[in-house]
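> Following this message is one structure expressed as structure tokens.
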Amino acid sequence: MLRQIGIPVASVLVFLGLWELLVWVNGWPNFKMASPSDLPPAYIRYWELFLVMGWQTLWRTVAGLALAVLVGTAIGMIIGFSRIARDALYPLLVGFNAIPKATLVPVISLIFIGQHDFNTVLMAFMISFFPIAVSVGIGLSTLEPEYRDILRSLGASRFTIFRKIALPKTLPEFFGALKVSVTLAFIGTNLVEIVSPHGRGLGALFKSGETNGDYPLMFAVLIALAFLGIVLYYAVVYLEKIFAGWAERPQS
Amino acid sequence: MENLIDIKGVTHAYKTESGPLPVLDGLDVAVPEGTFAAVVGPSGCGKSTLTRLVAGLMKPDEGEVWLHGERVKGPRKTVGMAFQNPVLLEWRTILQNVILPLEIVAPSMSQKDREARAHELLDMVGLTGFDDKRPSELSGGMRQRASLCRSLVHKPEVLIMDEPFGALDAFTREDLWQTMRDLRAAEPFTCVLITHDLRESVFLGDQVIVLSGRPARTQYVMPIDLPKDRTLDVLYTPEVADMLHILRDQIKIAQGREPEVH
Ligand SMILES: Nc1ncnc2c1ncn2[C@@H]1O[C@H](COP(=O)(O)OP(=O)(O)OP(=O)(O)O)[C@@H](O)[C@H]1O
Ligand SMILES: [Mg+2]
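Pasting the structure below:
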């Protein structure tokens, strides 16, 4: 327990110390790089804003991620089970994934004018479903035939085979992809929050810091984003332990 | 005695990118109820295909597969399968793995009865006390024992095994031959065993069927008239040495090579 919590905390403290030292040694002014000691005043001054905006960013990211899990798993099932669907959908998926998502912000904000919440969730989803779809698809299509045959030879339905074998067997890959998607979803949410005029969320707070030349606020937002990212990531790790803990080899 | 498995004139070809690949060519196999048929043949001749046909996982292009007087048209609950890879589910304990077929075949059976049935088999194969272990905690031989329990837990009429001991070392393999023999004595079932090991085929089989090279047909059938409760010592008798000689020559012929002159 001491090791599990102590080591990460110590590493964060060392990181903050080095950061402070770097700024102090170079004598950088605030507008070049804020130092950790500038951050607490920013949090104290704007704590209400941080709570409200942080919550905005968090729920939109989680909503986008939930959508990505649903749609990504569905697409993964389709390309995992059907060869034809795989051949048909892969080029489209890869092409879509290759489009820089920043270019889509004006597109979706024109289609759904004024729907800030919706647009943000949509972007978080669009940027994060790909790893999930691919990992579930690969997990299902590489299922060894013997695994299917032990149940199929008893007359089990496709759905039963999926539920009892294919689904649990792809869970480790699924969670691996979800860890990547968490970070991506954050990027999507913030992209829209920063770019949209009159946006909300931590991204908008960052932009207002920029507009007002409040550099400590900008850095404080970055750290808050990093903190939320860590929280979500470890939430996924926790779920993985519960649902796919069996895949972890005992350490010796 | 009635034939539990009757394969009559089965011909099958796989569709591949370079045209049809004929795998079975007028294959005939008959396995009387309660007996053990060991099938040997050159690598790639179509033995696994044969097991998939008997299990109803595939339909042959031509010919008929009969099981207990009924034409096989699809999978049936009275079949058990075991493979070279034990295919245990890593997220389930050993006990839960063994119970799996009962969840499909006997949905109304109580969990308590299922566990009691699984224990019966686990005890028989020497896995008492391994209930809550994960497959990754077991040795290869123990995993194969658990896999055997799973293929027998629903008391199938037919057990189909495709090189189940192929990946095990020689000593473990011999242990499992004896386990197999004891399981049959305790709960009779009809068995088709695919193997590459001629000693295994003679020790376990009531008949040994040699398949020709691809496309496979039945090239040779050797009845094995040894006592049911045979021990490993039987493998070192002159009688069995002669059988092994003949089988080895037959395999050579199946591979398209000249038999050695004795
Ligand atoms: N689904 C398939 N599609 C196309 N060809 C196949 C398929 N399954 C098997 N084959 C081919 O059919 C032939 C017979 O295959 P099968 O697996 O039945 O042989 P086998 O006797 O079990 O071989 P081994 O001794 O190596 O286990 C092989 O040449 C194999 O490459
Ligand atoms: Mg084979």
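Same order as they appear, the protein sequences are chains A and B. Each residue of the first sequence is one higher than the last, beginning at 181 in my numbering. Each residue of the second sequence is one higher than the last, beginning at -18 in my numbering. Heads up, the beta-carbon is just placed ideally off N, CA and C, and yes, glycines get one too. On a predicted model such as this, the values are computed, not experimentally measured, just so you know.
Output the residues surrounding ligand 2, defined as those with a CB atom closer than 7 Å to any ligand heavy atom, in chain order.
Listed along the chain, these residues meet the criterion: Lys28(B), Ser29(B), Asp143(B), Glu144(B), Ile175(B).
> Can you list the residues of chain A that Pro56(B) reaches, using a CB-CB cut of under 7 Å?
Near Pro56(B) (Cβ distances below 7 Å), the residues of chain A are Arg332, Ser333, Leu334, Gly335.
> Counting contacts by CB-CB distance shorter than 9 Å, is Val20(B) in contact with chain A?
Closer than 9 Å: no.
> Quick one: does Tyr327(A) have its CB under 9 Å from some CB of chain B?
Yes, its Cβ sits closer than 9 Å to a Cβ of chain B.
> Residue range of the beta strand (DSSP E) that Gln236(B) falls in?
Per DSSP, Gln236(B) belongs to no beta strand (DSSP E) and is neither H nor E.
> Whose C-alpha, out of Pro396(A), Glu373(A), Arg183(A), is nearest the C-alpha of Ala384(A)?
If we check each option's Cα against that of Ala384(A), Glu373(A) comes out closest.
> Is the shortest distance between the beta-carbon of Pro396(A) and the beta-carbons of chain B less than 9 Å?
No, because no Cβ of chain B sits closer than 9 Å to the Cβ of Pro396(A).
> If the criterion is Cβ atoms closer than 9 Å, does the pair Val316(A) and Gly256(A) meet it?
In contact: Val316(A) and Gly256(A) (Cβ atoms closer than 9 Å).
> I'd like to know whether the C-beta atoms of Gln188(B) and Ala19(B) end up nearer to each other than 9 Å.
Contact flag set, yes.
> Leaving out five residues on either side along the sequence, give the residues of the same chain with a beta carbon under 7 Å from the beta carbon of Ser262(A).
Counting only Cβ-Cβ distances below 7 Å, and skipping sequence neighbours, we find nothing.
> Closer than 7 Å by beta-carbon distance: list the chain A residues that pair up with Arg124(B), in chain order.
Chain A residues near Arg124(B): none, gap ~13 Å exceeds 7 Å.
> Just grab the DSSP bridge partners of Trp47(B) for me.
Looking at the DSSP assignment, Trp47(B) forms a beta bridge with Asp(-13)(B), Arg52(B).
> So what does DSSP say about Gly194(B), is it helix, strand or coil?
It is coil, neither helix nor strand.
> Using beta carbons (cut-off 9 Å, strictly below), is Thr135(A) in contact with chain B?
Examination of residue 135(A) is not possible in this model, given that chain A is present from 181 through 432 alone.
> With DSSP as the reference, identify every bridge partner of Pro204(B), one or two as the case may be.
In the DSSP output, where bridge partners are listed per residue, Pro204(B) has Gln188(B).
> What is the rounded straight-line gap between the Cα of Ala11(B) and the Cα of Val46(B)?
Between Ala11(B) and Val46(B), the C-alpha separation is close to 10 Å.
> Could you give the first and the last residue of the continuous alpha helix (DSSP H) run that contains Cys172(B)?
Cys172(B) -> not in any alpha helix (DSSP H); beta strand (DSSP E) instead, spanning 171 to 175.
> Between Gly(-10)(B) and Leu2(B), what straight-line distance do the alpha-carbon atoms span, to the nearest angstrom?
If you take the alpha carbons of Gly(-10)(B) and Leu2(B), they lie about 17 Å apart.
> Beta-carbon of Ala346(A) versus every beta-carbon of chain B: anything under 9 Å?
No, its Cβ sits nowhere closer than 9 Å to a Cβ of chain B.
> For Leu351(A) and chain B, any beta-carbon pair shorter than 9 Å?
Yes, because at least one Cβ of chain B sits closer than 9 Å to the Cβ of Leu351(A).
> Strictly under 9 Å for the Cβ-Cβ distance: is Trp441(A) near chain B by that measure?
Only positions 181 to 432 of chain A appear in this structure, which leaves residue 441(A) out of reach.
> Beta-carbon of His135(B) versus every beta-carbon of chain A: anything under 9 Å?
Yes, because at least one Cβ of chain A sits closer than 9 Å to the Cβ of His135(B).
> In the DSSP assignment, what are the bridge partners of Asp143(B)?
Its beta-bridge partners are Phe64(B), Ile175(B).
> Going by the C-beta, is Ser182(B) closer than 8 Å to any heavy atom of ligand 1?
Outside the cutoff, so no.
> Check whether the Cβ of Ser321(A) lies closer than 8 Å to any heavy atom of ligand 1, and answer yes or no.
False, no ligand heavy atom lies under 8 Å from that Cβ.
> Where does Phe111(B) sit, in a helix, a strand or coil, going by DSSP?
DSSP places Phe111(B) in coil when its eight states are reduced to three.
> Can you give, in chain order, each stretch of the alpha helix (DSSP H) that sits fully within the segment 183 to 260 of chain A and has at least 4 residues?
Correct list: empty.
> Which chain A residues are close to Arg115(B), counting only those with a beta carbon under 8 Å from its beta carbon?
Those are Trp426, listed as they occur along chain A.
> Based on Cα-Cα distance, which residue from Glu(-2)(B), Ser29(B), Glu(-17)(B), Thr199(B) lies nearest to Thr16(B)?
Among Glu(-2)(B), Ser29(B), Glu(-17)(B), Thr199(B), the Cα nearest to that of Thr16(B) belongs to Glu(-17)(B).
> Can you say whether Arg33(B) is buried or exposed, counting buried as having 16 or more other CB atoms within 10 angstroms of its CB?
The residue is buried, with at least 16 neighbouring Cβ atoms inside 10 Å.
> For a test of the three-state rule: what should DSSP assign to Leu38(B), helix, strand or coil?
Leu38(B): coil per DSSP, three-state reduction.
> Can you find the residues in the same chain that come closer than 7 Å, C-beta to C-beta, to Leu102(B), ignoring five residues on each side of it along the sequence?
These residues qualify, in order along the chain: Val79, Cys130, Leu133, Val134.
> If Asp9(B) sits next to Thr199(B), beta carbons under 8 Å apart, how far is it from one beta carbon to the other, in whole angstroms?
Asp9(B) to Thr199(B), Cβ: 5 Å. Contact.
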